[in-house]
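Protein sequence lines correspond, in order, to chains A and B.
Taking this note's numbering, the leading residue of the first sequence gets 146, the next gets one more, and so forth.
Taking this note's numbering, the leading residue of the second sequence gets 146, the next gets one more, and so forth.
Please read the structure below before turning to the comments.
Number of protein chains: 2
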Amino acid sequence: MTINENFLKLKAGYLFPEIARRVNNWTEANPDKTGDLIRCGIGDVTEPLPQAVRDAMKTAVDEQGVAETFHGYGPEQGYGFLRDAIIENQFAGLNISADEVFVSDGSKCDTGNILDIFGPGNKIAITDPVYPVYVDTNVMAGNTGEADENGAYDGLVYLPCTADNQFTPAIPEEKVDLIYLCYPNNPTGTTATKEQLQAWVDYAKENGSIILFDAAYEAFIQDPAIPHSIFEIEGAHDCAIEFRSFSKNGGFTGVRCGYTVIPKSLTVTSSTGEEVSLHALWNRRQSTKFNGASYPVQRGAAAVFSPEGKAQVSALIEHYMGNAALLLKTCQEIGLKTFGGENAPYVWVQCPEGVDSWGMFDKMLEEAQVVITPGSGFGAAGEGYFRISSFNTRENVEEVCRRLTALA
Amino acid sequence: MTINENFLKLKAGYLFPEIARRVNNWTEANPDKTGDLIRCGIGDVTEPLPQAVRDAMKTAVDEQGVAETFHGYGPEQGYGFLRDAIIENQFAGLNISADEVFVSDGSKCDTGNILDIFGPGNKIAITDPVYPVYVDTNVMAGNTGEADENGAYDGLVYLPCTADNQFTPAIPEEKVDLIYLCYPNNPTGTTATKEQLQAWVDYAKENGSIILFDAAYEAFIQDPAIPHSIFEIEGAHDCAIEFRSFSKNGGFTGVRCGYTVIPKSLTVTSSTGEEVSLHALWNRRQSTKFNGASYPVQRGAAAVFSPEGKAQVSALIEHYMGNAALLLKTCQEIGLKTFGGENAPYVWVQCPEGVDSWGMFDKMLEEAQVVITPGSGFGAAGEGYFRISSFNTRENVEEVCRRLTALA
Numbered sequence: 146m147t148i149n150e151n152f153l154k155l156k157a158g159y160l161f162p163e164i165a166r167r168v169n170n171w172t173e174a175n176p177d178k179t180g181d182l183i184r185c186g187i188g189d190v191t192e193p194l195p196q197a198v199r200d201a202m203k204t205a206v207d208e209q210g211v212a213e214t215f216h217g218y219g220p221e222q223g224y225g226f227l228r229d230a231i232i233e234n235q236f237a238g239l240n241i242s243a244d245e246v247f248v249s250d251g252s253k254c255d256t257g258n259i260l261d262i263f264g265p266g267n268k269i270a271i272t273d274p275v276y277p278v279y280v281d282t283n284v285m286a287g288n289t290g291e292a293d294e295n296g297a298y299d300g301l302v303y304l305p306c307t308a309d310n311q312f313t314p315a316i317p318e319e320k321v322d323l324i325y326l327c328y329p330n331n332p333t334g335t336t337a338t339k340e341q342l343q344a345w346v347d348y349a350k351e352n353g354s355i356i357l358f359d360a361a362y363e364a365f366i367q368d369p370a371i372p373h374s375i376f377e378i379e380g381a382h383d384c385a386i387e388f389r390s391f392s393k394n395g396g397f398t399g400v401r402c403g404y405t406v407i408p409k410s411l412t413v414t415s416s417t418g419e420e421v422s423l424h425a426l427w428n429r430r431q432s433t434k435f436n437g438a439s440y441p442v443q444r445g446a447a448a449v450f451s452p453e454g455k456a457q458v459s460a461l462i463e464h465y466m467g468n469a470a471l472l473l474k475t476c477q478e479i480g481l482k483t484f485g486g487e488n489a490p491y492v493w494v495q496c497p498e499g500v501d502s503w504g505m506f507d508k509m510l511e512e513a514q515v516v517i518t519p520g521s522g523f524g525a526a527g528e529g530y531f532r533i534s535s536f537n538t539r540e541n542v543e544e545v546c547r548r549l550t551a552l553a
Numbered sequence: 146m147t148i149n150e151n152f153l154k155l156k157a158g159y160l161f162p163e164i165a166r167r168v169n170n171w172t173e174a175n176p177d178k179t180g181d182l183i184r185c186g187i188g189d190v191t192e193p194l195p196q197a198v199r200d201a202m203k204t205a206v207d208e209q210g211v212a213e214t215f216h217g218y219g220p221e222q223g224y225g226f227l228r229d230a231i232i233e234n235q236f237a238g239l240n241i242s243a244d245e246v247f248v249s250d251g252s253k254c255d256t257g258n259i260l261d262i263f264g265p266g267n268k269i270a271i272t273d274p275v276y277p278v279y280v281d282t283n284v285m286a287g288n289t290g291e292a293d294e295n296g297a298y299d300g301l302v303y304l305p306c307t308a309d310n311q312f313t314p315a316i317p318e319e320k321v322d323l324i325y326l327c328y329p330n331n332p333t334g335t336t337a338t339k340e341q342l343q344a345w346v347d348y349a350k351e352n353g354s355i356i357l358f359d360a361a362y363e364a365f366i367q368d369p370a371i372p373h374s375i376f377e378i379e380g381a382h383d384c385a386i387e388f389r390s391f392s393k394n395g396g397f398t399g400v401r402c403g404y405t406v407i408p409k410s411l412t413v414t415s416s417t418g419e420e421v422s423l424h425a426l427w428n429r430r431q432s433t434k435f436n437g438a439s440y441p442v443q444r445g446a447a448a449v450f451s452p453e454g455k456a457q458v459s460a461l462i463e464h465y466m467g468n469a470a471l472l473l474k475t476c477q478e479i480g481l482k483t484f485g486g487e488n489a490p491y492v493w494v495q496c497p498e499g500v501d502s503w504g505m506f507d508k509m510l511e512e513a514q515v516v517i518t519p520g521s522g523f524g525a526a527g528e529g530y531f532r533i534s535s536f537n538t539r540e541n542v543e544e545v546c547r548r549l550t551a552l553a
């Protein structure tokens, strides 16, 4: 009997449990100050689920109460009504068809599960800092060696993104097989231009690599020149998979819905020379190991694209981006160097001279009662930075700004 | 760049897509008879979602509309209110604690994903006939060789269950590492006694094996002597994982909720001699690759255990088991040999002399316009049988009975 011993290589904690641990320790030691705590750590939305989404979900629940409109097992790939709405509203003119969209219960699952269809021995490139799920799922899949004392895994190709390179990862000189890109970026809040993404697509096509493009935050893009989808880039249909989510635009973090786009033109040559469709492999994976997203949830997701839903989502985005603007302004006023926050809900801040990421975390917790996310939790190149999430009420953000100013 | 070439070993189709294909071909050729079609194939519920569940879901959706009661990311393991309700109502007295319950979006996902925590080289035993997901996920994970012309995979240990052995799989003589057991059984509708399960637990403990026990249909058990959970068996806490679902009792096939129970006492020795907790591995898997089940869905699942919910679920079970009784009676009256259907919603029927499973499928489709499931679709030992599902309206079941009688 063997277990998957790759799990034993994983370092002590996914970042957020470690944050939770430190916050718990602090609240236990400071019960009198607990009421003052403001959480800007985890990227979880705070505003209510849009009315249009709630109405659609409740109507769908009512449908489940009548035999004639009851929905049992649905298509594992998602209902046509949602796949069609996604194409019409998110991929119009991008040469993506509804059956290239796979609806799921969330993007975290998809970005993790996608490794099921890839084989052993692939060289994996990730930007650094990075969403920890990309790293940990590759460790679990056996695509890495052991971690060093900084938590960097042997075998992964880390692409540092720091102020020194304007958070633009350099195209690797070696050949890599899978490349994780996330734009707008979590955690740095920075974006990629069309030209920068074109360079990645060109590299991928030249090297037979696949780009795993996480666009969970695309709804926050304000600048019309910034691409929302990798499929705006010429050639991407032959080398890219895109992950999207309703979590951050529609406020679905607790409701759960996301989707993955795999063009049918995407093929990889097997060891016997067969051209294998990644769309077909993922379809088989989902048909066998997934049973479709919840029907009422899919109805709620489709309502995000109704006229009312669009207006309500716009208001949410405007709210969070208003928060980001306040945080940016305050950080800049007190002399901190900031990045991101203009086309993404995350503000990435350089720590003051002589303070490291976890030092800043502890300082903010103890002296300002504000939970931030230490940059080093996202990778070695995140050291010296911290992330402030704009997912909060306006009142809380204003209070965070006052405390930051007082702390300076 | 490599793909997971184990996928290429998979045979042409998961059973249900093949059924859908044949039904589509028939309906295209017989547009005038399409209205007569009655589907007793796939094991999907037909009756409305219980009122208590719908009410709870709608209340939860309303909560999502107010900042103070909004639920964002929940615990990956499920909310305490649901885990507690599960323990209280399903595992009382069985020495299982709430933090040994992992709530998910469905049992199909869990029975597939569980292989993530096991390593390579394990010997897998499955009963035959069997729920195809167990087989296909092991093929994908590389735990098998190629399939032969009958669809049997090299390397799997098949445990035939036929009328000859009263559908009781023989304990293997060789050592196996993982054993899939499903009771009440899908597809045969048969059950296991306490003594039979004790023999499996004794074998597993002696051989260091793990039993993967699928109890998705436990709610249909009528005979009080038949165990509902593997954890009723002495020693099971050291060698078993149990999968449960709200699909078939609460009618959640379209709403999606299930759960997996892993006792903390369950450990496996690693190659370096370390005792590794499977609970800890699954917790890490779920924390990294899953983001919790939908909050309104979990509220709906908890309502299954409310007084109203229990009464409504009882009525559903009674309805389906009433259907099963009618189907059993009719099949017996027309001289067919039947199994199951007394403590499970599936009736397993021996084909008439000289007719094989797919032959019976085609005959029932063409001559009676009834969709059944061919036994051979569940494995070689299912040849010569077919499954009739009792998940249907009473009206449809009565009509199926009339057509069966007319056909005889």
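The beta-carbon is built from N, C-alpha and C at its ideal position, and this holds for glycine as well.
Keep in mind the model is a prediction, meaning the values are calculated, not measured.
Extent of the continuous beta strand (DSSP E) run through residue i
| i | result |
| --- | --- |
| Gly485(B) | 483 to 485 |
| Ile375(A) | Taken as a continuous stretch (DSSP letters only), Ile375(A) belongs to no beta strand (DSSP E), as it is neither H nor E. |
Test: residue i CB closer than 8 angstroms to a CB of chain B
| i | result |
| --- | --- |
| Gly217(A) | yes |
| Tyr362(A) | no |
| Phe263(A) | yes |
| Pro193(A) | yes |
| Asp281(A) | yes |
| Tyr224(A) | no |
| Lys455(A) | no |
| Pro274(A) | no |
Proximal residues to residue i (C-beta, below 7 angstroms), its chain only, five neighbours per side dropped
| i | result |
| --- | --- |
| Val421(B) | Thr412, Val413, Ser415 |
| Phe161(B) | Ile187 |
Min CB distance residue i to chain A below 8 angstroms
| i | result |
| --- | --- |
| Ser410(B) | no |
| Leu301(B) | no |
| Asp383(B) | no |
| Leu153(B) | yes |
| Lys393(B) | no |
| Gly380(B) | no |
| Glu554(B) | Summary: the structure shown does not reach residue 554(B), with chain B confined to residues 146 through 553, and so no result is reported for it. |
| Asn267(B) | yes |
| Arg429(B) | yes |
| Lys203(B) | yes |
Same chain, Cβ closer than 8 angstroms to residue i, neighbours up to 5 away in sequence not counted
| i | result |
| --- | --- |
| Val302(B) | Lys268, Ile269, Ala270, Ile271, Pro317, Glu319, Val321 |
| Phe523(A) | Leu160, Asp273, Pro274, Val275, Tyr276, Pro277, Pro332, Arg532 |
Assigned exposure category for residue i - 16 Cβ within 10 Å defines buried
| i | result |
| --- | --- |
| Ala361(B) | buried |
| Pro277(B) | buried |
| Pro459(B) | One detail in the question is off: residue 459(B) reads as Ser in this sequence, not Pro. Ser459(B) comes out exposed. |
| Gln235(B) | buried |
| Thr550(A) | exposed |
| Glu363(A) | buried |
| Ala349(B) | buried |
| Asn240(B) | exposed |
| Asp273(A) | buried |
| Glu245(A) | buried |
| Lys393(A) | buried |
Extent of the continuous alpha helix (DSSP H) to which residue i belongs
| i | result |
| --- | --- |
| Ser432(B) | 423 to 434 |
| Phe506(B) | 502 to 513 |
Amino acids of chain D, ordered along the chain, whose beta-carbon sits closer than 7 angstroms to that of residue i
| i | result |
| --- | --- |
| Tyr530(A) | Of the protein chains in this structure, namely A and B, none is chain D. |
6 angstroms Cβ shell around residue i - same chain, five flanking residues per side excluded
| i | result |
| --- | --- |
| Trp427(B) | Ile262, Ile407 |
| Thr405(B) | Phe247, Asp255, Phe388 |
Spell out a yes or no on whether the region 204 to 213 of chain B and the region 521 to 541 of chain B are touching, meaning 3 or more CB-CB pairs, one atom from each, closer than 8 angstroms.
-> With a cut-off of 8 angstroms, the region 521 to 541 of chain B and the region 204 to 213 of chain B do not count as touching, because too few Cβ pairs lie within range.
Is it true that the region 207 to 226 of chain B meets the region 353 to 372 of chain B, where meeting means three or more beta-carbon pairs spaced less than 8 angstroms apart?
-> Judged by Cβ distances under 8 angstroms, the region 207 to 226 of chain B makes no contact with the region 353 to 372 of chain B, as fewer than three pairs qualify.
Is the region 372 to 388 of chain B in contact with the region 246 to 264 of chain B, if contact means three or more CB pairs nearer than 8 angstroms?
-> The answer is yes - the region 246 to 264 of chain B touches the region 372 to 388 of chain B, with three or more Cβ pairs under 8 angstroms.
Using 8 angstroms as the threshold, is the region 422 to 434 of chain B in touch with the region 483 to 499 of chain B, meaning 3 or more CB pairs across them?
-> Touching, no, given that fewer than three Cβ pairs across the two stretches are closer than 8 angstroms.
Inter-stretch contact (C-beta, 8 angstroms, three-pair minimum) for the region 179 to 195 of chain A and the region 510 to 529 of chain A = The region 179 to 195 of chain A vs the region 510 to 529 of chain A: in contact.
Indicate whether the contact test is met: 3 or more Cβ pairs, each with one atom in the region 465 to 484 of chain A and one in the region 280 to 291 of chain B, closer than 8 angstroms.
-> By the C-beta criterion, the region 465 to 484 of chain A is judged not to be in contact with the region 280 to 291 of chain B, since fewer than 3 inter-stretch pairs fall below 8 angstroms.
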